[in-house]
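The structure appears right after this line, and notes come after that.
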Amino acid sequence: MARFGKAEVRAYLDERGVPYEAAEHEAVFTMEGSRALGLPFADEVAKNLFLCDEKKRSYYLVVMPEDKPADLKELRAQLGTRRLRFASEEDLETLLGLRSGAVSPFGVLNDEERRVQVVFDEELRSYRGLGAHPNDNTATLHVPLQAVVEMIENHGNPVVFVALPR
């Protein structure tokens with residue numbers, strides 16, 4: 001199965017004429033590491049959480065402002081799902097073709113079964129663009145949010161926006 005890595009994500013965006021800023025950098029594994037890079041769009045780099053329900057029937061990729069706490073109880077209530085927990089490294093690799101530290105909305109391009117629902121925090125709508133890894137934590141792309149949403153919808157994964165509290 002073909003996997004979307006850094007080069008494939010950039011080619012995907014280029015082929016569709018999606019504008020983006022790119023920054024190559026050392027591998028980062030945390031939001032703190034990302035902030036230390038001093039990216040020109042650092043204030044719009046998103047936090048990405050890969051979650052599943054307690055029965056591992058539903059999977060969610062949650063994209064939210066990096067400085068906002070993740071309230072899983074509130075998220076569960078808004079999604080109307082079972083209790084949420086972080087999905088395993090194995091599920092991350094199997095479903096999104098990603099490793100910890102490289103979790104990104106671009107990972108849905110590897111979700112051939114369209115099992116992952118992407119959940120965006122409403123606050124991201126105020127961003128000029130969305131900063132995310134191109135499925136590799138040695139680069140960060142700054143892409144218009146609407147282009148990311150359209151990419152996910154065109155791929156066939158469900159998208160929902162929720163208003164998570166600060």
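Number 166 marks the last residue of the sequence shown (the numbering used here); no jumps. Glycine included, C-beta positions come from ideal geometry on N, C-alpha and C. None of these values were measured; they are calculated from a predicted model.
- In this structure, the straight-line span from the alpha carbon of D43 to that of S58 is close to 30 Å.
- When the beta-carbon positions are compared, R99 and C52 stay at least 8 Å from each other.
- Taken atom to atom, the span from the alpha-carbon of A46 to that of H142 is near 10 Å.
- In the three-state reduction of the DSSP assignment, H25 falls in the coil class, being assigned neither a helical nor a strand state.
- Assigned with DSSP and collapsed to three states, T30 falls in coil, not helix or strand.
- With 16 or more other Cβ atoms from the protein chains shown falling within 10 Å of its own Cβ, Q117 counts as buried.
- As computed with DSSP, Q117 is found in a beta bridge with Y60.
- Taking all protein chains in view, the Cβ of P105 is crowded by 16 or more other Cβ atoms within 10 Å, so the residue is classified as buried.
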